[in-house]
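Each remark here refers to the structure printed beneath this line.
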DNA sequence: AGCACGTGCTTGGTATACTTAGCGCATCAC
DNA sequence: GTGATGCGCTAAGTATACCAAGCACGTGCT
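Chains as they are written, first to last, in our numbering: chain A, 1 to 124; chain B, 125 to 248.
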């Protein structure tokens with residue numbers, strides 16, 4: 001099994017899928033047991049998944065995504081299962097772009113948000 | 125098993141994913157061994173998958189989809205893994221989504237930005 | 001001091017995804 | 001005929017996704 005390395009291309013943005021799930025769970029202010037219950041998985045398993053010990057299967061991913069109010073596509077692309085590296089969709093969905101495009105924000109509000117965002121990401 | 129099946133219709137209600145793969149494979153004039161080799165799985169396993177005995181995991185699905193020149197989305201939706209029926213709009217939440225997914229922001233920073241964003245858009 | 005309840009994590013086991021070796025049947029050559 | 005090469009499938013095993021029970025630590029309450 002040491003050679004394969006072909007199917008899971010080690011996404012890159014997040015260090016791992018587990019980190020992404022954990023951050024999303026904390027963002028939603030859910031404990032492991034709460035999220036596990038909603039997603040209908042066991043809390044120890046969720047623990048292992050978040051620590052990168054196991055790679056969850058697709059329906060578990062979908063379950064977690066739904067529990068976190070994320071789309072399954074977002075989850076899959078984070079898991080590196082949706083090679084959206086191809087042929088269409090140049091949606092460079094950065095935060096600044098999304099802010100600029102949002103019709104519900106005034107110009108001042110956009111400027112404020114972008115300024116805060118830039119201050120947060122100043123060192124990267 | 126045999127209790128509340130919530131995530132996947134265990135077996136029997138499928139009837140489509142294996143048939144779908146088989147028809148796509150035959151449409152591409154590939155033998156099982158050929159497709160299995162391209163998709164980097166074993167040919168007996170592909171056989172079982174096409175006959176509906178096993179439910180392949182997501183990266184195998186992606187591999188097969190690539191080998192058949194299909195998009196992963198098509199494959200997942202055929203597998204019933206993508207029809208996220210409960211999830212929210214997401215086109216309406218572009219900013220929040222972009223914030224949540226940005227790897228350069230900490231959890232606290234995300235919470236701050238989202239809170240500010242929601243306060244801006246509270247009355248719309 | 002206790003105890004009750006919260007958190008995340010470890011252990012040990014079961015279910016299932018997946019592989020390697022091999023079977024049986026065709027269709028070509030010789 | 002025999003054998004070589006293609007096909008799809010079976011059988012038996014290994015790897016891993018997943019679960020139930022319980023551990024270790026923290027926090028608040030009496």
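Glycine residues also receive a C-beta, built at the ideal position from the N, C-alpha and C atoms.
Just so you know, these numbers come straight off a predicted model, no measurement behind them.
Residue burial is scored here from C-beta neighbours: residue 151(B) has fewer than 16 other C-beta atoms within 10 angstroms and is therefore classed as exposed. CA-to-CA, the gap between residue 174(B) and residue 57(A) works out to about 19 Å.
Chain B has no Cβ within less than 8 Å of the Cβ of residue 35(A). If you check the CB distance, residue 218(B) and residue 102(A) come in under 8 Å. Residue contact with chain B for residue 101(A): present (Cβ-Cβ distance below 8 Å to some residue of chain B). When CB distances to chain B are screened at a threshold of 7 Å, the residues of the segment 103 to 116 of chain A falling below it are 104, 105, 109, 113, 116, in chain order. At least one CB atom of chain B sits nearer than 8 Å to the CB of residue 26(A). Counting along the chain, residue 110(A) sits inside the alpha helix (DSSP H) bounded by residues 107 to 120. Rounded to the nearest whole angstrom, the CA to CA distance from residue 205(B) to residue 21(A) is 18 Å. Taking a cut-off of 8 Å for Cβ pairs, the segment 147 to 165 of chain B and the segment 111 to 124 of chain A do not touch, as fewer than three such pairs fall below it. In the displayed model, residue 178(B) falls within coil according to three-state DSSP, outside both helix and strand. At a beta-carbon threshold of 8 Å, none of the residues of chain A lie near residue 191(B); the nearest stands roughly 12 Å away.
Between residue 229(B) and the set 100(A), 116(A), 99(A), the nearest pair of CA atoms involves 116(A). Here residue 194(B) carries a coil assignment [DSSP, helix/strand/coil]. Rounded to whole angstroms, the separation of the alpha carbons of residue 159(B) and residue 189(B) is 10 Å. Membership of residue 36(A) in the alpha helix (DSSP H) is indicated by the continuous run 32 to 39.
Burial check for residue 221(B): the Cβ neighbour count within 10 Å reaches 16 or more, so the residue is buried. Against chain B, the CB of residue 49(A) has no partner CB under 8 Å away; the residue lies outside that interface. Setting aside the 5 residues that flank it on each side, residue 47(A) is surrounded in the same chain by 32, each with a C-beta closer than 7 Å to its C-beta; the list follows chain order. At least 8 Å separates the CB of residue 53(A) from every CB of chain B. Counted as a single uninterrupted DSSP element, the stretch harbouring residue 226(B) is not any alpha helix (DSSP H), since DSSP gives it neither H nor E. In the DSSP assignment, residue 23(A) falls within the alpha helix (DSSP H) that extends over 17 to 27. DSSP, reduced to helix, strand and coil, places residue 82(A) outside both helices and strands of the structure shown, so it counts as coil.
Under the Cβ distance rule, residue 140(B) does not count among the residues neighbouring chain A, no pair being separated by less than 8 Å.
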